[in-house]
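A.B. asks:
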Amino acid sequence: MIPGGQPNMQQLLQQAQKMQQDLAAAQQELAETPVEGSAGGGLVKATVNGSGELKGLVIDPKAVDPEAGSAEENAETLADLVLAAVRDANASAQQLQQEKLGPLAQGLGGGGIPGLPF
């Protein structure tokens, strides 16, 4: 701090720039991290990146059982399994986001830089 209680603006700007770089690096790492979710005891597996973007979907052929009912019922069951697997993967991605970005967000909001909205 400069005498008189005024913050050193150069130092504050450097801190803000470092936080921004750290945040960008964490976001890039999330975008490259695969996260998997599943449903139906593993019959359907969804892979998303740490940002929640769907990257892959694997459906075990056993999930489509022609003996288990009408084609309409099978389609509904399969759709439910896909939704559940994607939701499971996204929940894991959100947890990963919290782990990676939580400390950075606390740094930005925890007494951070006067006059800035975060």
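Going by the UniProt record's numbering, the first residue of the sequence shown is number 1, and it counts up by one from there.
Note that beta-carbon positions come from the ideal geometry of N, C-alpha and C, so glycine has one too.
Inspect the beta-carbon positions of residue 51 and residue 83 and report whether they are closer than 8 Å.
C.D. replies: As a first step, residue 51 must be located in the sequence shown, where it is residue number 51. As a first step, residue 83 must be located in the sequence shown, where it is residue number 83. No, the pair does not count as a contact, with Cβ atoms beyond the cut-off.
A.B. asks: Residues in the same chain with beta-carbon distance under 7 Å from residue 63, minus the five sequence neighbours each way, listed in chain order, please.
C.D. replies: Residue mapping note: residue 63 aligns to position 63 of the sequence shown, counting from 1. Once the five neighbours on either side are set aside, the close Cβ partners of residue 63 are 40, 43, 44, 78 and 81.
A.B. asks: Buried or exposed: where does residue 37 fall if 16 or more other Cβ atoms within 10 Å of its Cβ makes it buried?
C.D. replies: Here residue 37 corresponds to residue number 37 of the sequence shown, with the count starting at 1. Looking at its Cβ environment, which holds 16 or more other Cβ atoms inside 10 Å, residue 37 is buried.
A.B. asks: Taking 7 Å as the limit between beta carbons, can you name the residues of its chain near residue 85, skipping five residues before and five after?
C.D. replies: As a first step, residue 85 is located in the sequence shown; it is residue number 85 there, counting from the start. These residues qualify, in order along the chain: 37, 38, 39, 44, 45 and 46.
A.B. asks: Under 8 Å by Cβ, that's how I've got residue 88 and residue 74 pegged, so tell me the actual separation to the nearest angstrom.
C.D. replies: Sequence index remark: in the sequence shown, residue 88 carries index 88 (1-based). Sequence index remark: in the sequence shown, residue 74 carries index 74 (1-based). The Cβ separation is near 21 Å, so there is no contact.
A.B. asks: Would DSSP call residue 78 helix, strand or coil?
C.D. replies: Position 78 of the sequence shown holds residue 78. Three-state result, residue 78: helix.
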